[in-house]
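Reading through the structure tokens given below for one structure.
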Amino acid sequence: QVQLVESGGGLVQPGGSLRLSCVASTTITSINPMGWYRQAPGKQRELVATIKRGVVTNYADSVKGRFTISRDNAKAAVYLQMNSLKPEDTAVYYCTADQRGLTYWGQGTQVTVSS
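Residue numbers (my numbering): 357 to 471.
Right under this line is the structure:
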């Protein structure tokens with residue numbers, strides 16, 4: 357079983373940046389993919405970005421060019437660098453990890469973009 361703990365959320369003004377971190381309770385070398393999802397109030401949870409084997413990445417069209425996903429296997433961590441944030445990026449962001457056919461979720465971290 358994999359436990360995931362997110363951090364780095366908060367309140368930021370439009371155009372600002374945040375970096376989310378997710379630390380796993382176990383080595384992540386064999387965990388593919390890892391990723392980030394988000395859920396805004398009244399909306400369905402949606403994919404933000406995923407990363408496989410540290411190289412192959414996938415992004416939602418709405419965040420391409422603004423967000424960057426990365427992972428550090430030595431630290432059992434995955435990150436989401438978010439730049440040029442917009443009010444529509446406001447949501448709870450969840451870290452995910454797929455291992456042996458199971459998907460694990462973190463508890464989520466709130467990101468609010470507002471002036």
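From the three backbone atoms N, C-alpha and C, an ideal C-beta is built for every residue, glycine too.
From this set, 382, 426, 427 and 405, which residue's C-alpha is nearest residue 417's C-alpha?
Comparing Cα positions, the closest option is 405.
Which word fits residue 430, buried or exposed, when buried means at least 16 other C-beta atoms lie within 10 angstroms of its C-beta?
Exposed, because fewer than 16 other Cβ atoms sit within 10 Å of the Cβ of residue 430.
So, at 7 angstroms on beta carbons, what are the nonlocal neighbours of residue 383 in its own chain, with the 5 sequence-adjacent residues on each side left out?
Only 432 meet the Cβ criterion.
Identify, in the order they occur along the chain, each residue of the same chain with its Cβ nearer than 6 angstroms to the Cβ of residue 441, setting aside the five sequence neighbours on each side.
Same-chain partners within the cutoff: 368, 372 and 469.
Can you tell me whether residue 458 is buried or exposed? The criterion is at least 16 other CB atoms within 10 Å of its CB, across all chains shown.
Under this definition residue 458 is an exposed residue.
Taking residue 376 and residue 449 to be in contact with their CB atoms under 8 angstroms, please state how far apart those CB atoms are, rounded to whole angstroms.
Right, the Cβ-Cβ distance comes to about 6 angstroms (below 8 angstroms), so this counts as a contact.
Report the start-end ranges of each beta strand (DSSP E) in the segment 395 to 471 that is 3 residues or longer and not cut off at the edges.
Listed in chain order, they are 402 to 408, 412 to 415, 423 to 428, 433 to 438, 447 to 455, 458 to 461 and 465 to 469.
Measuring straight from C-alpha to C-alpha, what distance separates residue 473 and residue 465?
The structure shown does not extend to residue 473, since the chain is modelled only from 357 through 471, so no value can be given for it.
Grouping DSSP H, G and I as helix and E and B as strand, with all else coil, what is residue 321?
Lying before the first or after the last residue shown, residue 321 is absent from the chain, which here runs from 357 to 471.
Roughly how many angstroms lie between the CA atoms of residue 444 and residue 357, to the nearest whole one?
Each residue's alpha carbon lies about 33 angstroms from the other.
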